[in-house]
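With the working numbering applied, the sequence shown covers 119 to 651.
These notes concern the structure reproduced below.
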Amino acid sequence: MESLSWWQSGVIYQIYPRSFQDTNGDGIGDLPGIIQRLNHVVSLGIDAIWISPIYPSPMADFGYDVADYCDIAPIFGNLADFDRLIAEAHSRGLRVILDFVPNHTSNQHPWFLESRSSRDNPKRDWYIWKDTRHEGGLPNNWLSHFGGPAWGWDETTKQYYYHSFLKEQPDLNWRNPAVKQAMYDVLRFWLDRGVDGFRVDVLWMLIKDEQFRDNPVNPGYVPGESSYKRLLPLYTANRPEVHEIVAEMRAVLDAYPERVLIGEIYLPIEELVTYYGRDLKGAQLPFNFQLIQSAWNAPSIAEIMDKYEAALPRGAWPNWVLGNHDKARIASRIGEAQARVAAILLLTLRGTPTIYYGEEIGMKDVPILPEQVQDPAEKNEPGLGLDRDPERTPMPWDGSLLAGFTTGTPWLPLGPEHASANVATMSESQESLLNLYHRLIELRRGNPLLTHGAIEAVGVEGNILSYERRQRNDRLAIALNMGHEPAQVSLPSGRVLLSTHFGRGGEDVDRGVSLRADEGIVVQVRSESKQGG
Ligand code: TEU
Ligand code: CA
119 MESLSWWQSG
129 VIYQIYPRSF
139 QDTNGDGIGD
149 LPGIIQRLNH
159 VVSLGIDAIW
169 ISPIYPSPMA
179 DFGYDVADYC
189 DIAPIFGNLA
199 DFDRLIAEAH
209 SRGLRVILDF
219 VPNHTSNQHP
229 WFLESRSSRD
239 NPKRDWYIWK
249 DTRHEGGLPN
259 NWLSHFGGPA
269 WGWDETTKQY
279 YYHSFLKEQP
289 DLNWRNPAVK
299 QAMYDVLRFW
309 LDRGVDGFRV
319 DVLWMLIKDE
329 QFRDNPVNPG
339 YVPGESSYKR
349 LLPLYTANRP
359 EVHEIVAEMR
369 AVLDAYPERV
379 LIGEIYLPIE
389 ELVTYYGRDL
399 KGAQLPFNFQ
409 LIQSAWNAPS
419 IAEIMDKYEA
429 ALPRGAWPNW
439 VLGNHDKARI
449 ASRIGEAQAR
459 VAAILLLTLR
469 GTPTIYYGEE
479 IGMKDVPILP
489 EQVQDPAEKN
499 EPGLGLDRDP
509 ERTPMPWDGS
519 LLAGFTTGTP
529 WLPLGPEHAS
539 ANVATMSESQ
549 ESLLNLYHRL
559 IELRRGNPLL
569 THGAIEAVGV
579 EGNILSYERR
589 QRNDRLAIAL
599 NMGHEPAQVS
609 LPSGRVLLST
619 HFGRGGEDVD
629 RGVSLRADEG
639 IVVQVRSESK
649 QGG
């Protein structure tokens, strides 16, 4: 049995700190709140938490506009709280992964204030400044993810600066060695404080075309999509030079024991896997968002599984997610019944799963009224369905009016279902989704086939996706009915270890099994010798 690192055998849990637990009544989650709720995470069987940004920030993009990379935003607490969080997590065997946002700073960061102060400021070249084009227009046609041009005008120095996102998020110039060294020192600052790894924001965007060539028009643009999609980001993302930076970041982490580099990378599979790097010295876990982007049916998921496994460089470690703080929640995308099936899929696929907070209780997108909108993506381009607030609402801990999240006014509304869909209520019910997650993670931790086993025999029969996890003669068979009708599926004989439908565990199945609508099962296959008996 090969020995795996913690980030290979473990389960990662993403915490959106604003919405996890408030402890001072301001309606905003904080670090003491995360500490208060660590036991929930540990009881779930989680091995590592990834915390979205907690640094000082004007919060124009809710923390993804960093004004100081080496401190904690007062609304979340301070460095003493952070050190306590690390100690409390580590004492429970939990690792802590931070969100690293290197592509851009806040426009309030001292570096940018210096850079914009004059054209010959020593930090001018820490950002990307360009003159107007000869006829007085923008430097080129590059667009912001959040609508409009990606060029912000600076009246003082009469130049434009580049911003992939909000004008409050000026992009750093990652071609500048001084920027790289300063940012690698940021990594060391947190590594020295005991951080176990980083999820790197927009890793694939760090380098932009040196010639600033116009991006090509997107022939597939559909009116009603975000304006950013009018162009293909050929010259503003996934540039070949970025891999040198990924390797350098990884080298910084490799100077410390057992650290992990996770990359946020929205690219097709064949491009995504290049971020494992030469000799696997890139990101250990380039985030695989295929399950978020895919249609939810057996053939589509089977195709992704085959394609991804085939594309992985030799020795590269897979990973899977169902959601995050930018994308509609899985239970809203596929419904409560299929969210149970998705839990089995996520936790029995080969590789590291990341659970987004609330997925374990089937949290759904919460409807946000126009006057409640906080997300700049929606404010900048209203009515296109770009709002990310629905998937960022407070974690419902119990069925009380404020769900045990706060004693104040929550910064976003609680979901209408929170009276029943909350941790306390679900903990009481053996049949709840929360208990299915408990059972699944317990099975995963106790069964090396799920951490170490190969994935084989991926098959589709109608709406049923089936596959096996194998190691020598040991086999688990998984069958997932992604349809809403009962169906029969041929499976090797064995014993049901777990089903989405409580009470089926222990049942013998013999060369075939009937699945209820929206049912998934995990079967311990009887070994060959016994099969014949
Ligand atoms: O998201 C980057 C990204 O992929 C965006 O295209 C994202 O899908 C978009 O924001 C959806 O509207 C990262 C962070 O996860 C996101 O929260 C930040 O807003 C963004 O970078 C800028 O830092
Ligand atoms: Ca608070």
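Idealized CB from N, CA, C, for every residue including glycine.
These numbers come from a predicted model, not from an experiment.
- Thr569 carries a helical assignment under DSSP once its states are collapsed to helix, strand and coil.
- Between the region 423 to 441 and the region 402 to 414 there are three or more C-beta pairs closer than 8 Å, enough to call the two in contact.
- Membership of Tyr475 in any alpha helix (DSSP H) is not indicated, and neither H nor E is assigned to it by DSSP.
- For ligand 2, no non-hydrogen atom lies closer than 6 Å to the CB of Ile486.
- Excluding five sequence positions before and after Pro334, the CB atoms of its chain that fall closer than 7 Å to its own CB belong to Leu349, Leu350, Leu352, given in chain order.
- Here DSSP, grouped into helix, strand and coil, assigns Asp303 to helix.
- For Asn142, the shortest separation between its Cβ and any heavy atom of ligand 2 lies below 6 Å.
- If you compare the alpha carbons of Gly255, Arg213, Ser170 with that of Ile164, the shortest gap goes to Arg213.
- Using a Cβ distance threshold of 7 Å, Leu305 and Ile363 do not count as a contacting pair.
- By the neighbour-count criterion, in which a residue is buried when 16 or more other Cβ atoms sit within 10 angstroms of its Cβ, Asn581 is buried.
- For Phe230, the enclosing alpha helix (DSSP H) has its first and last residue at 228 to 233.
- The three-state secondary structure of Gln589, taken from DSSP, is strand.
- Look at the beta carbons and you see the region 587 to 601 touching the region 625 to 639: at least three pairs across the two are nearer than 8 Å.
- Here Trp125 is buried: its Cβ has 16 or more other Cβ atoms, across all protein chains shown, within 10 Å.
- Assignment of Pro417 by DSSP, reduced to helix, strand and coil, places it in the helix class.
- DSSP places Asp199 outside any beta strand (DSSP E); the residue lies instead in the alpha helix (DSSP H), whose first and last residues are 197 to 209.
- DSSP places Gly315 in the uninterrupted beta strand (DSSP E) bounded by 315 to 318.
- DSSP places Ile146 outside any beta strand (DSSP E), giving it a letter other than H or E.
- Apart from sequence neighbours up to five positions away, the residues of its chain that approach Gly315 with a beta-carbon distance below 6 Å are Ile215, Arg377, Val378, ordered along the chain.
- If you look at Ala537, you'll find it isn't in any alpha helix (DSSP H); DSSP assigns it neither H nor E.
- Within the same chain, Cβ atoms closer than 8 Å to the Cβ of Gly395 are found at His361, Val364, Ala365, Arg368, Ala401, the five residues on either side in sequence being excluded.
- Taking one beta carbon from each stretch, the region 152 to 171 and the region 517 to 531 have fewer than 3 pairs nearer than 8 Å; the two do not touch.
- For the options Lys276, Asp332, Ala268, Asn221, the alpha carbon positioned closest to that of Ala300 is the one of Asn221.
- The residue among Asn258, Pro240, Lys241, Ser538 with its C-alpha nearest the C-alpha of Lys248 is Asn258.
- Comparing C-alpha distances from Gly254 to each of Leu261, Lys276, Asn239, Val160 shows the shortest one belongs to Lys276.
- Going by beta carbons, Glu499 and Ser344 fall inside the 7 Å limit.
- When distances are taken from the beta-carbon of Ala495 to the heavy atoms of ligand 1, the shortest one is below 6 Å.
- Between Leu385 and the set Pro431, Trp322, Asp397, Gly453, the nearest pair of CA atoms involves Trp322.
- Counting C-beta pairs closer than 8 Å gives three or more between the region 550 to 561 and the region 460 to 480, which meets the contact rule.
- In the structure shown, the three-state DSSP call for Pro404 is strand.
- Under the three-state reduction of DSSP output, Ile190 falls in the coil class, being neither helix nor strand.
- For Ile452, the closest alpha carbon among the candidates Ala429, Asp444, Glu477, Thr470 is that of Glu477.
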